[in-house]
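Trainee: Here it is, the structure in full.
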Amino acid sequence: MKLKELAHTFNMSVSDLCKMIGYTQQGLNRILRSERVVYPERFRDALYKLLMISNEIEQKEVDAAREKSQKRFQMLDKLAESKGVQWKPNQEPFDDSPEGILKRSQVVHNQYMTTCSQLFNANIIK
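Residue numbers are given in numbering that gives the first Met the number 0: position 80 of the sequence shown equals residue 79, and the series is strictly consecutive.
Here it is as structure tokens:
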């Protein structure tokens with residue numbers, strides 16, 4: 000593995016990667032070329048820092064994907080609403096027939112009358 004590939008994996012430049020984990024460019028190149036690490040504890044700390052960076056990148060990508068998904072859903076919802084179509088699983092089927100429209104208007108009228116009678120009985124409307 001090359002240092003440039005490693006930096007690219009974390010969406011960083013080589014110099015930024017070196018600063019983040021506390022190594023010089025020459026030191027990291029030496030580690031990547033060698034069989035063993037001279038200071039394993041320091042290298043372990045650097046790997047842990049890279050793991051934390053990786054987790055942060057993952058969380059940002061997940062948040063961005065979730066936000067894009069919500070925007071797509073909102074666009075679909077606006078499209079369906081503009082065309083008078085109910086499509087969400089928690090909505091009951093939408094009946095466009097004249098009988099369905101009449102039934103909906105009767106339900107709305109009954110709800111309105113019930114609300115008015117409740118307000119009248121509570122002496123809010125006189």
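Each residue gets a CB set at the ideal place from its N, CA and C atoms; glycine is no exception.
Source: prediction; values computed, not measured.
(1) Could you spell out the range, first to last residue, of the alpha helix (DSSP H) harbouring PHE9?
(2) Which residue from LYS1, HIS108, THR8, SER104 puts its Cα closest to that of ILE52?
(3) Rounded to whole angstroms, what is the Cα-Cα separation between GLU80 and LYS70?
(4) Ends of the alpha helix (DSSP H) at ALA121?
(5) Going by beta carbon distance, what residues of the same chain come within less than 7 Å of PHE42, once the five residues before and after it are set aside?
(6) If you draw a straight line from the alpha carbon of ASN109 to that of TRP86, how long is it in whole angstroms?
(7) Reducing DSSP to helix, strand and coil, say where MET0 ends up.
(8) Answer with buried or exposed for ALA63, where buried requires no fewer than 16 other C-beta atoms within 10 angstroms of its C-beta.
(9) What's the C-alpha gap between ILE20 and MET11?
(10) In its own chain, which residues sit with a C-beta less than 7 Å from the C-beta of LYS3, not counting the 5 before and 5 after it?
(11) Once DSSP output is grouped into helix, strand and coil, what is the label at GLY26?
Mentor: Considering the structure as presented:
(1) From DSSP, PHE9 is part of no alpha helix (DSSP H); its letter is neither H nor E.
(2) Looking from the CA of ILE52, the closest CA among LYS1, HIS108, THR8, SER104 belongs to THR8.
(3) If you draw a straight line from the Cα of GLU80 to the Cα of LYS70, it is about 15 Å long.
(4) For ALA121, no alpha helix (DSSP H) segment is defined, and its DSSP state is neither H nor E.
(5) When the five nearest sequence neighbours on each side are left out, the beta carbons in the same chain lying within less than 7 Å of the beta carbon of PHE42 are those of ILE30, VAL36, in order along the chain.
(6) Answer to the nearest angstrom: the Cα atoms are 25 Å apart.
(7) MET0: coil per DSSP, three-state reduction.
(8) Exposed.
(9) In a straight line, the C-alpha of ILE20 is about 12 Å away from that of MET11.
(10) For LYS3, same chain residues with a beta-carbon under 7 Å away, outside a window of 5 residues either side, are VAL13 in chain order.
(11) In this structure, GLY26 counts as helix in the three-state DSSP scheme.
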